[in-house]
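Asks:
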Amino acid sequence: MACLVYTSSSLLEQSTPTALAVTDLDGSVSDLSFSDQDLDSGELGGNASWQPPGTLDGRVLSYSVYLATDTAGSVKSQVDSIPVGTNIASWLT
């Protein structure tokens, strides 16, 4: 993939752009799991863990952990921010 920029004037557009190759890496985690250790109904407490992206490349700085009402992320609330190198979050609600 590449990003191209053409210079334009009121008369015409430049015929040769300046170009830059762009690499789009997948920064998604995998193997997400959660172990609820809270015994009360309607309350969560435990550990969420995951595997980091295959290529961190210094671009991933942290993981934002949310609880939501469904898997689409509706009505989400952030419960933690975890630095790269740590692949587990613990909390009680």
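Residue numbers (the UniProt record's numbering): 1 to 93.
Glycine included, every Cβ here is placed at the ideal spot set by N, Cα and C.
1. Could you give the C-beta distance for Q51 and Y66, rounded to a whole number, given that I count them as a contact under 8 Å?
2. What three-state label does DSSP hand P83 in the structure shown?
3. For A48, which residues does DSSP report across the bridge?
4. Could you say if the stretch 68-75 and the stretch 34-51 meet the contact criterion of at least three C-beta pairs nearer than 8 Å?
5. Using a Cβ-Cβ cutoff of less than 6 Å, which residues in the same chain neighbour A89 once the five nearest sequence positions on both sides are dropped?
6. Would you identify the three-state DSSP class for S74, choosing helix, strand or coil?
Replies: With the given structure in hand:
1. No, Q51 and Y66 are not in contact; Cβ-Cβ is about 18 Å, not under 8 Å.
2. Note: P83 maps to strand in three-state DSSP.
3. F34 and A89
4. no
5. A48, V65, D80 and I82
6. Secondary structure at S74: coil, using DSSP grouped into helix, strand and coil.
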